[in-house]
Structure formats: C-alpha cells, structure tokens
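Data first, discussion second: the structure below is written as structure tokens.
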Amino acid sequence: MSEKRKENEGLTVKINGENLRMVPFVQRIIRKTILAMLSTLKGVEIRGDEVIELSVKRRE
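Note that my numbering has the sequence shown beginning at 35, numbered continuously upward.
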C-alpha cells in the first residue's frame with residue numbers, strides 16, 4: 035500500500051462528542067474490522083475509498 039493511501043486512511047471515534055485518541059495501529063485494526071464486517075452484508079461492496087459514519091445510541 036502506498037504511503038499516500040495510508041495518509042488518507044483513518045478512523046475517528048467520538049464518545050459523547052469527545053474524540054477518542056488512538057495510535058495509528060489501533061485505528062487501522064478497528065477500521066479494517068468494521069470494513070470487514072460491513073463487506074459481508076448483502077449488497078455492500080467495499081472499495082476502500084468510502085466514508086462511513088456509524089452512530090451507536092442507547093435506547094431510552
């Protein structure tokens with residue numbers, strides 16, 4: 035993978051509006067895990083250039 039592509043890859047996690055700081059290794063592990071899970075869903079094709087937003091909320 036090219037260095038340019040690595041620079042453009044990333045992951046941002048916010049908990050209650052606050053950014054969770056992560057080292058690049060942890061960002062890559064979480065990012066690849068999420069992309070792998072999503073790629074197994076019917077009709078989902080992961081190319082690697084997607085912008086994916088997830089929001090996890092508790093039930094009230």
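Backbone N, C-alpha and C define an ideal beta-carbon position, used for all residues, glycine too.
Query: Answer yes or no: do Q61 and G44 have a C-beta to C-beta separation smaller than 8 Å?; Result: yes
Query: With a cut-off of 8 Å, do at least 3 Cβ pairs link the stretch 80–93 to the stretch 62–72?; Result: yes
Query: I believe L72 touches I80 by the beta-carbon criterion, under 8 Å. Please report the beta-carbon distance rounded to the nearest angstrom.; Result: 6 Å
Query: With a threshold of 6 Å on Cβ separation, who are the neighbours of L54 within its own chain once the five nearest residues in sequence on each side are excluded?; Result: V47
Query: Return helix, strand or coil for K66, following the three-state DSSP convention.; Result: helix
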